[in-house]
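Below is one structure; the comments refer to it alone.
In the working numbering, the protein residues as written are 8 to 343.
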């Protein structure tokens, strides 16, 4: 996973990481600057014949591959209560473990979250928004930014109810990708939907839940069998924008199933915490048969993940200190 050579992308990515770490009161680099609260699980992916017809990628052209899955909550607070509305949207990251090549481990990832919207078109705009929200004049700066960026206001105002379980939530890929097979190119966005019924909690039901209800529920659910998701793809048509994550394609676009994700085992808390320091998910596929689109967010997101991931790996541990989630998002919520 190479770091971008574009100095502007690197400046934005470094600024993004440092701004989030400051906003969330990190005194250690052990945790991710965003979606800090998370847990790792393992399982299996089985592709459909439709996937192999669209892409030559190895995980779409074999009977099955092992996967690592990370469920997560929003914000950079590693102890944010599962009942805090700021913990939405929830996240899912999936690593497909491919056959080793020349003794080197090969893999490709999908990263998605539980809203179809994204706040900005570029990384620089996202950083500008974060700096406005965390600055001394946030009460004026945030509304001014939102006035220029209605797409950001739409993301903030989109209802984000808390799920009954990570297993009953629907997740949307942020960026478009190009699938390639025998000279044919198909442009699509991922969706990950539960095989179980999609379920959320209303405000009253949420009050009765514990601060760790989502992460406690997963191992209990696994006792009855694997958690199953369908990996779907929404296929773009001519004229659909592929370089702007804030533009949603019409819902009537064709949606196809690429395969089944079977989450089979949860790691222990100790094992998950250790592995989360090491694993760096990559928004860019970097595998034959799947290419990045022309979306400018992709290089910035990949650089952010790599920079913060290297920080985690180098971190020597220590106590993580959470700032006040309500205080950190007060200006943004007020403006929204």
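Glycine included, every Cβ here is placed at the ideal spot set by N, Cα and C. Keep in mind it's a predicted model, so treat the numbers as computed, not measured.
Check your understanding: In this structure, does DSSP put residue 284 in helix, strand or coil?
Key -> Residue 284 falls in the helix class under three-state DSSP.
Practice item. State yes or no: is the C-beta of residue 272 within less than 8 Å of the C-beta of residue 48? Key: Taking 8 Å as the Cβ cut-off, residue 272 and residue 48 qualify as a contacting pair.
Check your understanding: When you compare only the Cα positions, how much space is there between residue 11 and residue 314?
Key -> When rounded, the distance between both Cα atoms is 10 Å.
Review point. Leaving out five residues before and five after residue 5 in sequence, what residues of the same chain have Cβ atoms less than 6 Å from its Cβ?
Key: With the chain covering 8 to 343 only, the question about residue 5 has no answer from this structure.
Check your understanding: Near residue 205, which residues of its chain fall below 6 Å by C-beta distance, leaving aside the five closest residues on each side in sequence?
Key -> Hits under 6 Å: 175 and 177.
Point to revise | Distance cut-off 7 Å: residue 297 Cβ against heavy atoms of the ligand COA | key: You won't find the ligand COA in this model; it holds no ligand whatsoever.
Review point. Does the pairing of the segment 297–312 with the segment 255–267 give three or more beta-carbon distances under 8 Å?
Key: Pairwise C-beta distances place the segment 297–312 out of contact with the segment 255–267, as fewer than three of them are shorter than 8 Å.
Point to revise | Start-end ranges of the beta strand (DSSP E) lying completely within the segment 197–279, minimum 3 residues | key: You should have 234–242 and 262–273.
Check your understanding: By a C-beta neighbour count over all protein chains shown, 10 Å radius and 16 as the cutoff for buried, is residue 223 buried or exposed?
Key -> It counts as exposed.
Review point. Applying the criterion that 16 or more other CB atoms from any shown protein chain within 10 Å of the CB defines a buried residue, is residue 167 buried or exposed?
Key: Burial check for residue 167: the Cβ neighbour count within 10 Å reaches 16 or more, so the residue is buried.
Exercise for review: Return helix, strand or coil for residue 10, following the three-state DSSP convention.
Suggested key: Residue state, collapsed to three classes: coil.
Check your understanding: Does DSSP classify residue 291 as helix, strand or coil?
Key -> Three-state DSSP puts residue 291 in coil, outside helix and strand.
Point to revise | Given residue 260 as reference, the closest of 78, 131, 190 and 242 once Cα atoms are compared | key: Here the closest residue by C-alpha is 242.
Review point. Buried or exposed: which applies to residue 192, given that a residue is buried once 16 or more other Cβ atoms fall within 10 Å of its Cβ?
Key: Answer is exposed; the Cβ neighbour count stays below 16.
Check your understanding: Which residues in the same chain have their Cβ closer than 6 Å to the Cβ of residue 85, if we skip the five residues on either side of it in sequence?
Key -> Hits under 6 Å: 38, 43, 44 and 327.
Exercise for review: Ignore the nearest five residues each way along the sequence and tell me which others in residue 341's own chain have a CB closer than 6 Å to its CB.
Suggested key: Because residue 341 sits at a pLDDT of 41, beneath the cut-off of 50, its placement in the model cannot be relied upon, and the following sentence gives the value as read from the coordinates. Closer than 6 Å at Cβ, skipping near neighbours: no residue.
**Study point:** residue 115 versus residue 215: straight-line alpha-carbon distance, rounded
**Key:** Between residue 115 and residue 215, the C-alpha separation is close to 39 Å.
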